[in-house]
Amino acid sequence: MPAITIRPLTPDDASAYRALRLAGIAELPTAFCTTHAAESGLPLAQIAQRLHATSHQIIFGAFNEEQLIAMAGLRREPIAVVHDKASLWSVYVAPQARGCGAGRQLVQAAIAHACSVPELARVRLAVAQDNHAALTLYLDCGFTLEDCPAADGMLHMQLLLPRPVRASASASAESNVFMKINTLQIPAK
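In this text, residue positions in the sequence shown follow our numbering: the first is 17, and each later residue adds one.
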């Protein structure tokens, strides 16, 4: 197999993305949060819209020459309370492309992208507990199992993203705030 190319998908990839996603849903229906009927009924324009990279979502594709052979999405939560979390979703490698490293390259591209977003602290995912190949891939890429029990045959995993050490100026500013709080005098009632 020639070298695999990894890149963000664009609306121009909508037909290939739809075909690969439908193949994935047909093969592994529990790995997707939709049904074949629901997904196949979506207009191509709506699928193309999904492929617009935004500050909250990007979908990567692995290509063997011009053929889309694998995909993986990364979605960041827009809600302020949980904006430090992203989800890795819809990871799928076509059967003929398995074993050539496309899945690993996609997951690594998604992790690299997540690391480039300063607010993100962790990436989470759910994987079927009987999907040993995917589970092994995620563990090899640094994901760990979360402590919550498996529900509906799904395991939850997370990856804490490496972050640079805070600058000493901000650390001293934080300690000044802490000192001010510690020295506050609260009058007795």
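For every residue, glycine included, the Cβ atom is placed at its ideal position computed from N, Cα and C.
Fair warning: this is a prediction, and the values are worked out from it, not measured in the lab.
- Close CB contacts of Val-107 within its chain, under the 6 Å cut and outside five residues either way in sequence, are with Ala-88 (chain order).
- Residue burial annotation: Ala-110 is buried, with at least 16 other C-beta atoms found within 10 angstroms of its C-beta.
- In the DSSP annotation of this structure, His-129 is not part of any beta strand (DSSP E); the continuous alpha helix (DSSP H) holding it starts and ends at 118 to 131.
- Counting C-beta pairs with one atom in each stretch, the stretch 90 to 101 and the stretch 39 to 50 have fewer than three that are closer than 8 Å, which means they do not touch.
- In this structure, Cys-157 sits near Ile-127, with a CB-CB distance shorter than 9 Å.
- Taking Leu-161 as the centre and dropping the five residues before and after it, the same chain places the C-beta of Leu-171, His-172, Met-173 closer than 8 Å to its C-beta, in chain order.
- It is roughly 31 Å from the alpha-carbon of Cys-116 to the alpha-carbon of Ala-167.
- In this structure, Leu-122 is the residue among Glu-135, Ala-150, Glu-43, Leu-122 with its C-alpha nearest to the C-alpha of Ile-22.
- For Thr-70, the three-state secondary structure derived from DSSP is coil.
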